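Enquirer:
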Amino acid sequence: MSSTRPQFVFVILVLHLFSLSSLFSQESQLEKSGGTTPFWRSTSFGSQALNPDISLIGDFLIRPGARDSGVNAFSLREAELGLQAAVDPYSRADIFLAVEEEEGKFHVDIEEAFLTFLALPFKSQAKAGRFIMDFGRSHRTHSPERDFSDNPLAFEKLLGVENSMKSNGLSFNLLVPLPVSSYHEVRAEAGETKTSFGEESEAIKSNERFIYAREKNFFPLGENLNLELSGGFGRWQTDGGIEKVKSTSTFEGRAHDLIRSIATGDFTLKWKPNAYRSFLLEGNLLYTFSRPLAEENENGEKKIKHAVNEVQTQGGFIQLQVQPLRRWYLGSRIDYLLNGDSQKEERQYVGILTFFPSEFSRLRFQWNRKDTDGEERSHRFFIQLTWALGPHRPHPF
Amino acid sequence: MISTRLKKMRFQFLLFLFCVFSVSEMNAKALRVVTTTEDIASIARFIGKDRVEVTALVRGAQDPHYIQVRPSDMIKVSRADLLVIVGLGLDGWILPVIDGARNPGVRIGARGFLDASSGIELLEVPTGKVDRSLGDVHPQGNPHYWLDPSNGKIIAKNIMESLSLVQPSEREFFKENFEEFSKKLDQAIIHWKEELAFFKGKQVITYHTTWSYFLKAFGANARNYVEIRAGVPASPKHLQELISQIKKEKIDLIITEPYFDIRLPEKIAASSQARLRVLAPSVGAFAQIKDYFDLFEYNIQELLRL
Numbered sequence: 008m009s010s011t012r013p014q015f016v017f018v019i020l021v022l023h024l025f026s027l028s029s030l031f032s033q034e035s036q037l038e039k040s041g042g043t044t045p046f047w048r049s050t051s052f053g054s055q056a057l058n059p060d061i062s063l064i065g066d067f068l069i070r071p072g073a074r075d076s077g078v079n080a081f082s083l084r085e086a087e088l089g090l091q092a093a094v095d096p097y098s099r100a101d102i103f104l105a106v107e108e109e110e111g112k113f114h115v116d117i118e119e120a121f122l123t124f125l126a127l128p129f130k131s132q133a134k135a136g137r138f139i140m141d142f143g144r145s146h147r148t149h150s151p152e153r154d155f156s157d158n159p160l161a162f163e164k165l166l167g168v169e170n171s172m173k174s175n176g177l178s179f180n181l182l183v184p185l186p187v188s189s190y191h192e193v194r195a196e197a198g199e200t201k202t203s204f205g206e207e208s209e210a211i212k213s214n215e216r217f218i219y220a221r222e223k224n225f226f227p228l229g230e231n232l233n234l235e236l237s238g239g240f241g242r243w244q245t246d247g248g249i250e251k252v253k254s255t256s257t258f259e260g261r262a263h264d265l266i267r268s269i270a271t272g273d274f275t276l277k278w279k280p281n282a283y284r285s286f287l288l289e290g291n292l293l294y295t296f297s298r299p300l301a302e303e304n305e306n307g308e309k310k311i312k313h314a315v316n317e318v319q320t321q322g323g324f325i326q327l328q329v330q331p332l333r334r335w336y337l338g339s340r341i342d343y344l345l346n347g348d349s350q351k352e353e354r355q356y357v358g359i360l361t362f363f364p365s366e367f368s369r370l371r372f373q374w375n376r377k378d379t380d381g382e383e384r385s386h387r388f389f390i391q392l393t394w395a396l397g398p399h400r401p402h403p404f
Numbered sequence: 003m004i005s006t007r008l009k010k011m012r013f014q015f016l017l018f019l020f021c022v023f024s025v026s027e028m029n030a031k032a033l034r035v036v037t038t039t040e041d042i043a044s045i046a047r048f049i050g051k052d053r054v055e056v057t058a059l060v061r062g063a064q065d066p067h068y069i070q071v072r073p074s075d076m077i078k079v080s081r082a083d084l085l086v087i088v089g090l091g092l093d094g095w096i097l098p099v100i101d102g103a104r105n106p107g108v109r110i111g112a113r114g115f116l117d118a119s120s121g122i123e124l125l126e127v128p129t130g131k132v133d134r135s136l137g138d139v140h141p142q143g144n145p146h147y148w149l150d151p152s153n154g155k156i157i158a159k160n161i162m163e164s165l166s167l168v169q170p171s172e173r174e175f176f177k178e179n180f181e182e183f184s185k186k187l188d189q190a191i192i193h194w195k196e197e198l199a200f201f202k203g204k205q206v207i208t209y210h211t212t213w214s215y216f217l218k219a220f221g222a223n224a225r226n227y228v229e230i231r232a233g234v235p236a237s238p239k240h241l242q243e244l245i246s247q248i249k250k251e252k253i254d255l256i257i258t259e260p261y262f263d264i265r266l267p268e269k270i271a272a273s274s275q276a277r278l279r280v281l282a283p284s285v286g287a288f289a290q291i292k293d294y295f296d297l298f299e300y301n302i303q304e305l306l307r308l
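These protein sequence lines are chains A and B, in that order. Counting the first sequence from 1 gives a position; the working numbering is that position plus 7. Counting the second sequence from 1 gives a position; the working numbering is that position plus 2.
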């Protein structure tokens with residue numbers, strides 16, 4: 008752990024140097040244009056105009072029949088408060104606080120809170136703080152704003168108890184300077200996270216360090232048709248914290264100090280010619296690999312492990328959403344998950360009907376059917392009501 | 003021998019690089035102007051002529067309220083010398099585009115950023131408490147100001163000043179073009195007002211508040227709207243009330259935009275005997291509307307068919 012700190016300090020120092028150089032070039036531009044009044048000479052104090060944009064999203068869920076399985080049928084799943092503003096001409100801050108209901112009690116969670124350096128040299132940007140990691144379009148969207156009332160199995164089982172992987176760290180991205188109209192971005196992220204890899208997170212005693220790289224590509228295929236083709240790879244390592252009960256054909260016991268990797272690939276095809284019609288097709292694949300550094304068998308004997316990576320779990324989904332009328336959407340999603348430990352295969356089929364009374368409220372009906380190993384079959388039904396107050400900044404794309 | 007060949011290859015490579023940079027330098031002489039709408043792009047072309055290369059992010063046939071932000075828009079803004087927006091919340095979707103473009107020269111407050119609404123006398127500025135019960139209201143006022151042709155001169159002046167800030171050496175050139183544009187627009191406005199003399203005092207129904215500036219410029223007035231509130235589709239009750247109002251007040255014209263569902267205004271027109279006209283809210287809304295002058299020519303010819 009101690010070896011990472013000097014690296015972090017170095018990265019933060021570099022970011023500050025970059026933003027200072029950016030600051031000087033922009034200041035000279037402001038001066039040439041007649042300049043703006045520096046804040047220390049401003050005579051306007053306490054102006055409402057200087058407050059950040061404040062928004063609130065409420066997410067209410069009704070699950071008919073849920074009481075039979077010990078879950079509340081009515082729940083205010085989340086109330087998300089967003090505070091967003093420019094910090095200065097060179098950076099902006101975005102903070103999202105989520106009040107969530109869990110087992111009848113409410114708790115406040117910092118969904119995201121990060122500072123973005125917007126215009127660093129070489130068309131680059133950097134982000135520091137707590138943020139949702141970018142594993143694809145659906146994953147980087149906040150839960151209440153996602154296209155379906157629940158989350159794909161791959162997110163639930165692979166990406167943490169909150170169905171999205173959040174990290175405390177640094178993110179650096181660079182616009183690849185190509186002489187074409189398509190968009191290409193490379194991104195590198197490093198930091199610590201505690202909510203990785205779903206159920207295993209409960210055994211984690213300390214944060215895991217991670218590094219993650221992603222390439223994002225957007226291709227305009229027409230005036231209203233866009234394709235995103237992106238992928239990423241990351242590596243997580245615990246520091247003596249995790250231990251996991253492991254049972255395979257060759258080993259029975261506990262695995263210590265995992266090095267785990269995740270590979271992702273995703274695509275989104277989006278067509279939206281006007282406010283009345285749209286079409287969206289999205290697919291996402293996630294693979295996780297796990298390699299214990301040490302294993303302990305039932306007799307308490309430990310051994311250093313140098314085995315090759317083994318596939319733990321793989322999952323993904325494909326979803327389709329069609330807007331036949333201005334305020335109505337129809338959608339379908341197919342989830343797939345293969346658990347590497349249990350070798351259990353799960354599939355889920357989801358259908359939705361969404362109605363927007365206005366741009367700022369949404370009513371959704373969702374039905375799920377889940378098959379485990381082609382035998383166990385369960386059905387779930389959701390009614391979701393979501394509403395938004397204030398100027399919630401749109402997601403970039 | 004090998005050394006000579008290497009030297010020759012190096013020379014050829016340097017020559018190639020020189021050619022590439024020369025071509026890019028030639029292209030770089032034209033200022034790259036990105037606008038959110040085609041109307042502002044058209045005016046920018048009149049002011050900048052061959053010294054600017056203008057790109058609009060939204061096509062004239064699209065509803066500028068509902069634009070899906072595209073990463074390729076960020077690429078265009080990242081290469082821009084000047085970004086011009088309509089402002090007043092109409093093109094609020096530009097904010098994530100500016101952030102994603104990583105171009106400090108066109109960020110809000112920089113000399114390469116222009117909100118073209120500066121200096122416009124705004125209509126329908128809400129007073130009192132403003133919230134979403136009023137629909138998708140614009141708290142700063144109605145943003146469709148380019149549809150009053152006299153506002154075209156204010157937009158042109160704003161663009162002329164911004165272009166001069168970005169390229170001070172061309173200040174006189176831009177100023178001459180602005181004066182030429184203003185003169186041509188003044189003459190056109192006199193002609194258009196003569197043509198639409200019959201329109202003065204006319205009461206009309208419009209789909210959205212798009213036409214407030216246009217109607218005011220030519221002395222007409224919107225009595226009601228097809229939408230129940232801005233951005234909120236009409237209810238059956240509202241439609242019935244609208245049909246009754248049209249019959250009672252003998253209103254004979256309904257105006258709509260090409261990007262709204264035509265079936266509703268058609269139904270109202272059929273039930274009330276009022277005439278329906280689909281006017282162009284922007285340059286490029288129909289193929290024959292190539293510039294800002296064509297926009298008014300087209301709409302006036304449509305109204306003359308009454």
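Ideal placement from N, C-alpha and C gives every residue a C-beta, glycine not left out. Bear in mind that the values here come from a model prediction, so they are computed numbers and not experimental data.
Starting from leucine 182 of chain A, find everything on chain B with Cβ-Cβ shorter than 9 Å and list it in chain order.
Expert: As a first step, residue 182 of chain A is located in the first sequence; it is residue number 175 there, counting from the start. Residues of chain B with a Cβ closer than 9 Å to the Cβ of leucine 182 of chain A are, in chain order, Met76, Ile77, Ser80, Gly102, Ala103, Arg104.
Enquirer: Report the option in A:Leu392, A:Leu160, A:Glu366 whose CA atom is closest to the CA atom of asparagine 375 of chain A.
Expert: By 1-based counting over the first sequence, the position of residue 375 of chain A is 368. When only C-alpha atoms are compared, the closest one is A:Leu160.
Enquirer: Between which two residues does the beta strand (DSSP E) carrying leucine 182 of chain A extend?
Expert: The residue given as residue 182 of chain A occupies position 175 in the first sequence. From DSSP, the beta strand (DSSP E) with leucine 182 of chain A extends over 173 to 182.
Enquirer: Applying the criterion that 16 or more other CB atoms from any shown protein chain within 10 Å of the CB defines a buried residue, is asparagine 316 of chain A buried or exposed?
Expert: As a first step, residue 316 of chain A must be located in the first sequence, where it is residue number 309. With a pLDDT of only 49 at asparagine 316 of chain A, under 50, the local geometry of the prediction cannot be trusted, and no value is derived from it.
Enquirer: Run down chain B in chain order and give the residues with a C-beta less than 8 Å from the C-beta of asparagine 281 of chain A.
Expert: In the first sequence, residue 281 of chain A corresponds to position 274, counting from 1. Here the neighbours are Gln64, Asp65, Tyr68, Tyr261.
Enquirer: With a threshold of 7 Å between beta carbons, is glutamine 328 of chain A in contact with chain B?
Expert: Residue mapping note: residue 328 of chain A aligns to position 321 of the first sequence, counting from 1. Taking Cβ atoms only, chain B never reaches closer than 7 Å to glutamine 328 of chain A, which makes this a no.
Enquirer: For chain B, is any of its Cβ atoms less than 7 Å away from the one on leucine 125 of chain A?
Expert: Here the question's residue 125 of chain A lines up with position 118 in the first sequence. Output row for leucine 125 of chain A: interface = yes.
Enquirer: Please list the segments of the alpha helix (DSSP H) lying wholly inside the region 159 to 238 of chain B, counting only runs of 4 or more residues, in order along the chain.
Expert: 173 to 197, 214 to 219
Enquirer: In terms of alpha-carbon separation, which member of A:Gly347, A:Leu392, A:Lys377 lies closest to valine 368 of chain A?
Expert: Position 361 of the first sequence holds residue 368 of chain A. Before going on, a small fix: residue 368 of chain A reads as serine here, not valine. Taking only the C-alpha atoms, the option nearest serine 368 of chain A is A:Leu392.
Enquirer: Would you say the beta carbon of lysine 204 of chain B is closer than 6 Å to some non-hydrogen atom of the ligand MN?
Expert: Ligands in the displayed structure: none, and consequently the ligand MN is not present.
Enquirer: In chain order, what residues of the same chain lie with their CB nearer than 6 Å to the CB of alanine 270 of chain A, ignoring the 5 residues before and after it?
Expert: Residue mapping note: residue 270 of chain A aligns to position 263 of the first sequence, counting from 1. Phe240, Tyr294, listed in sequence order.
Enquirer: Since tyrosine 215 of chain B and aspartate 138 of chain B should fall inside the 8 Å C-beta cutoff, what is the C-beta to C-beta distance between them, to a whole number of angstroms?
Expert: Position 213 of the second sequence, counted from the start, is the residue given in the question as residue 215 of chain B. Position 136 of the second sequence, counted from the start, is the residue given in the question as residue 138 of chain B. Contact doesn't hold; Cβ gap of about 18 Å is too wide.
Enquirer: Tell me the residue span of the alpha helix (DSSP H) that contains proline 73 of chain B.
Expert: Stepping through the second sequence from its first residue, residue 73 of chain B is reached at position 71. That run of the alpha helix (DSSP H) goes 73 to 80.
Enquirer: How about glutamine 244 of chain A: is its C-beta nearer than 7 Å to some C-beta of chain B?
Expert: By 1-based counting over the first sequence, the position of residue 244 of chain A is 237. Judged by the 7 Å Cβ criterion, glutamine 244 of chain A is not in contact with chain B.
Enquirer: For the candidate residues B:Met76, B:Thr211, B:Leu116, B:Leu278, whose alpha-carbon lies nearest to that of proline 1 of chain A?
Expert: This structure gives no information on residue 1 of chain A, because the portion of chain A shown stretches from 8 to 404.
Enquirer: I need the DSSP call for isoleucine 122 of chain B, collapsed to helix, strand or coil.
Expert: In the second sequence, counting from the first residue as 1, residue 122 of chain B sits at position 120. Coil.
Enquirer: Output needed in chain order: residues of the region 350 to 369 of chain A with a Cβ under 7 Å from some Cβ in chain B.
Expert: Ser365, Glu366, Phe367
Enquirer: Just verifying my parser: in three-state terms, what is the DSSP assignment at isoleucine 245 of chain B?
Expert: Stepping through the second sequence from its first residue, residue 245 of chain B is reached at position 243. Reduced to three states, the DSSP call for isoleucine 245 of chain B is helix.
Enquirer: Residues in its own chain within less than 8 Å of serine 1 of chain A by CB, not counting five upstream and five downstream?
Expert: Absent from the model: residue 1 of chain A. The displayed extent of chain A is 8 to 404, so no value can be given.
Enquirer: Just how far apart, CA to CA, sit phenylalanine 201 of chain B and leucine 97 of chain B?
Expert: For the purposes of this step, residue 201 of chain B is taken as residue 199 along the second sequence, with counting starting at 1. For the purposes of this step, residue 97 of chain B is taken as residue 95 along the second sequence, with counting starting at 1. Phenylalanine 201 of chain B and leucine 97 of chain B: Cα-Cα distance of roughly 39 Å.
Enquirer: Hey, how far is the Cα of leucine 57 of chain A from the Cα of isoleucine 257 of chain B?
Expert: As a first step, residue 57 of chain A is located in the first sequence; it is residue number 50 there, counting from the start. As a first step, residue 257 of chain B is located in the second sequence; it is residue number 255 there, counting from the start. Straight-line Cα distance between these residues: approximately 40 Å.
Enquirer: Inspect the beta-carbon positions of asparagine 346 of chain A and phenylalanine 324 of chain A and report whether they are closer than 7 Å.
Expert: As a working note, residue 346 of chain A is residue 339 in the first sequence. As a working note, residue 324 of chain A is residue 317 in the first sequence. Cβ distance not < 7 Å, so asparagine 346 of chain A and phenylalanine 324 of chain A don't count as in contact.
Enquirer: I'd like to know whether the C-beta of arginine 34 of chain B is nearer than 7 Å to at least one C-beta of chain A.
Expert: For the purposes of this step, residue 34 of chain B is taken as residue 32 along the second sequence, with counting starting at 1. The Cβ of arginine 34 of chain B sits no closer than 7 Å to any Cβ of chain A.
Enquirer: Confirm, please, whether the CB-CB distance from glutamate 196 of chain A to serine 171 of chain A is below 7 Å.
Expert: The residue given as residue 171 of chain A occupies position 164 in the first sequence. The residue given as residue 196 of chain A occupies position 189 in the first sequence. Cβ atoms of serine 171 of chain A and glutamate 196 of chain A: not closer than 7 Å.
Enquirer: Got a sec, what are the start and stop residues for the beta strand (DSSP E) leucine 392 of chain A sits in?
Expert: The count along the first sequence starts at 1 and reaches residue 392 of chain A at position 385. 383 to 396 is the extent of the beta strand (DSSP E) around leucine 392 of chain A.
Enquirer: Let me check understanding here. Comparing Cα to Cα, which of B:Trp213, B:Ile230, B:Val228 lies closest to alanine 222 of chain B?
Expert: For the purposes of this step, residue 222 of chain B is taken as the residue at position 220 of the second sequence. The candidate whose alpha carbon is nearest that of alanine 222 of chain B is B:Trp213.
Enquirer: From the beta carbon of valine 234 of chain B, is the nearest beta carbon of chain A less than 7 Å away?
Expert: Counting from 1 along the second sequence, the entry for residue 234 of chain B is found at position 232. Cβ-Cβ to chain A under 7 Å: yes for valine 234 of chain B.
Enquirer: Ordered along the chain, which non-local residues of its own chain (more than five positions away) have a Cβ less than 7 Å from that of serine 80 of chain B?
Expert: In the second sequence, counting from the first residue as 1, residue 80 of chain B sits at position 78. Within the same chain, serine 80 of chain B has close Cβ partners Ala103, Arg104, Asn105.
Enquirer: I need the boundaries of the alpha helix (DSSP H) containing asparagine 301 of chain B, first residue and last residue.
Expert: Position 299 of the second sequence, counted from the first residue, corresponds to residue 301 of chain B. It spans 294 to 306 - the alpha helix (DSSP H) in which asparagine 301 of chain B sits, taken as one unbroken run.
Enquirer: Whole angstroms are fine: how far does the CA of proline 280 of chain A sit from the CA of alanine 289 of chain B?
Expert: Position 287 of the second sequence, counted from the first residue, corresponds to residue 289 of chain B. Position 273 of the first sequence, counted from the first residue, corresponds to residue 280 of chain A. Distance between the alpha carbons of alanine 289 of chain B and proline 280 of chain A is about 17 Å.
Enquirer: Where does histidine 313 of chain A fall in DSSP's three states?
Expert: Taking the first sequence and counting its residues from 1, the one referred to as residue 313 of chain A is at position 306. Residue placement at histidine 313 of chain A is poorly supported in this model, since its pLDDT is 48, which falls under 50; the coordinates are not used for a value here.
Enquirer: Throw me the rounded Cβ distance for the alanine 86 of chain A and leucine 122 of chain A pair, which I believe falls under 8 Å.
Expert: As a working mapping, residue 86 of chain A is identified with position 79 in the first sequence. As a working mapping, residue 122 of chain A is identified with position 115 in the first sequence. Their Cβ separation, rounded to whole angstroms, is 24 Å, which puts alanine 86 of chain A and leucine 122 of chain A out of contact at 8 Å.
Enquirer: Using 10 angstroms around the beta-carbon of serine 385 of chain A, count the other beta-carbons present and answer buried if the total reaches 16, otherwise exposed.
Expert: The residue you call residue 385 of chain A lines up with position 378 of the first sequence. Exposed, by the Cβ-count rule.
Enquirer: Please name the residues in the region 216 to 227 of chain A whose beta-carbon is closer than 7 Å to at least one beta-carbon of chain B, in chain order.
Expert: Phe225, Pro227
Enquirer: Going straight from the alpha carbon of glycine 314 of chain B to that of lysine 351 of chain A, what length do you get?
Expert: Any answer about residue 314 of chain B is impossible in this case: the structure gives chain B only from 3 up to 308.
Enquirer: With distance defined between alpha-carbon atoms, name the residue in B:Gln70, B:Leu116, B:Glu40, B:Glu304 nearest to serine 285 of chain A.
Expert: In the first sequence, residue 285 of chain A corresponds to position 278, counting from 1. Answer by Cα proximity: B:Gln70.
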